[in-house]
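What follows is a set of notes on a single structure, which appears directly below.
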Amino acid sequence: MITLIKPWLLSIQQQICVMLEAEAPGEHFHEDSWQHHAGGGGLTRVLQNGVILEKAGVNFSHVQGKSLPAAATARNPHLADKAFEAMGVSVVIHPRNPYVPTTHANVRFIQVGDHFWFGGGFDLTPYYGFMADCVHWHTMAHAACAPYGEEIYTQFKRNCDEYFYLRHRNEPRGIGGLFFDDLHEWGFEKTFAFLRGVGDHFVKAYQPILAQRKSHTYTQRERDFQLYRRGRYVEFNLIYDRGTLFGLQSGGRTESILMSLPPIVEWKYDWQPEAGSKEAELYNVFLQPRAWV
11 MITLIKPWLL SIQQQICVML EAEAPGEHFH EDSWQHHAGG GGLTRVLQNG
61 VILEKAGVNF SHVQGKSLPA AATARNPHLA DKAFEAMGVS VVIHPRNPYV
111 PTTHANVRFI QVGDHFWFGG GFDLTPYYGF MADCVHWHTM AHAACAPYGE
161 EIYTQFKRNC DEYFYLRHRN EPRGIGGLFF DDLHEWGFEK TFAFLRGVGD
211 HFVKAYQPIL AQRKSHTYTQ RERDFQLYRR GRYVEFNLIY DRGTLFGLQS
261 GGRTESILMS LPPIVEWKYD WQPEAGSKEA ELYNVFLQPR AWV
């Protein structure tokens, strides 16, 4: 299974980087190859300080360990203290323009003895919402799931809405997308095919949004709101995100794990958007539960 999955993971990493560099001419990823202390390693690819992409990371990792981290055994206690092998590609994109949403995607595989499962998905975090973008995003998410049954999109969308939720803020991180974990019931071939579809549809979902919004004019007000809302992204990743916890608990490379964090963030005490403003619209319209397709 590993020999089939690893080449595809490296290929989707390359595909996403090529797409991003095409949308941000003159901006290029820095490659950093690293080794894991217990075996395996990874290829971190990071773009920083660009005009279009303020920070973007597209990371491949393949790690091994003698026992699963707590982030995984909480849902699989019967596999505690067992050796594991995990690999995946994680994507986080923080554009500079506040009208371009931040996005995250992940496709991963874990094997513990004879047990294996897949996980991943993609979600979108806008600062200033556009209905057309949100509908397109979820249309692509639906298309990725359609060959596997109509109920799959509904289930994985609900998973995403529930997972990417900041309980201490009582608000979602963004408009969601897809999220699945511990997926193995379909068998290897079918589940791997689904994973490949998720990767392909992430590219189809994000590229048109980036292309259309990257040249949108903005003022310091919009930039300030973007930096404020980025704080929510940091809070989620450091408090709740299983991938971040898994990486740190498994002794992964800290720089690669925390590349998901934006370069500039602001927190403001008890800040509230002005009634009727575009900032208030994010909360009142785009962060409210809804069926987008």
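Okay, so the sequence shown: first residue is 11 according to the numbering used here, each after it adds one.
Idealized CB from N, CA, C, for every residue including glycine.
Check, Outcome
"Boundaries (first-last residue) of the alpha helix (DSSP H) holding residue 212", "198-223"
"Rounded C-alpha distance that separates residue 7 from residue 233", "Any question about residue 7 goes unanswered here, given that the chain covers just 11 to 303."
"Sequence-distant residues of its chain with Cβ nearer than 7 angstroms to residue 158 (five each side left out)", "204"
"Of the residues 292, 277, 276, 275, the one placed nearest residue 283, counting alpha carbons only", "292"
"Inter-residue spacing [alpha-carbon to alpha-carbon] between residue 235 and residue 202", "39 angstroms"
"Beta-carbon gap between residue 101 and residue 68 smaller than 7 angstroms", "yes"
"For residue 55, the first and last residue of its enclosing beta strand (DSSP E)", "50-58"
"Alpha-carbon spacing of residue 170 relative to residue 16, whole angstroms", "25 angstroms"
"Cβ pair residue 215, residue 150 closer than 7 angstroms", "yes"
"Distance between residue 190 and residue 77 (C-alpha atoms, nearest Å)", "23 angstroms"
"Environment of residue 19 [buried if 16+ CB atoms lie within 10 Å]", "buried"
"Touch test, the region 248-258 against the region 40-53, Cβ-Cβ under 8 angstroms, three pairs minimum", "no"
"DSSP bridge partner residues for residue 95 (one or two, in chain order)", "74, 121"
"Residue span of the alpha helix (DSSP H) that contains residue 5, given as start and end", "Outside the modelled stretch of the chain, which goes from 11 to 303, sits residue 5, for which no answer is possible."
"Burial state of residue 65, where buried means 16 or more other Cβ atoms lie within 10 Å", "buried"
"Check whether residue 29 and residue 217 have beta carbons under 7 angstroms apart", "yes"
"Residue nearest to residue 185 in terms of C-alpha spacing, selected from 196, 172, 177, 178", "172"
"Enclosing beta strand (DSSP E) for residue 187 [first to last residue]", "186-193"
"Boundaries of the alpha helix (DSSP H) in which residue 266 is found, first to last residue", "264-267"
"Sequence-distant residues of its chain with Cβ nearer than 6 angstroms to residue 112 (five each side left out)", "104, 135"
"Three-way DSSP call (helix, strand, coil) for residue 90 in this model", "coil"
"Which of helix, strand or coil DSSP assigns to residue 62", "coil"
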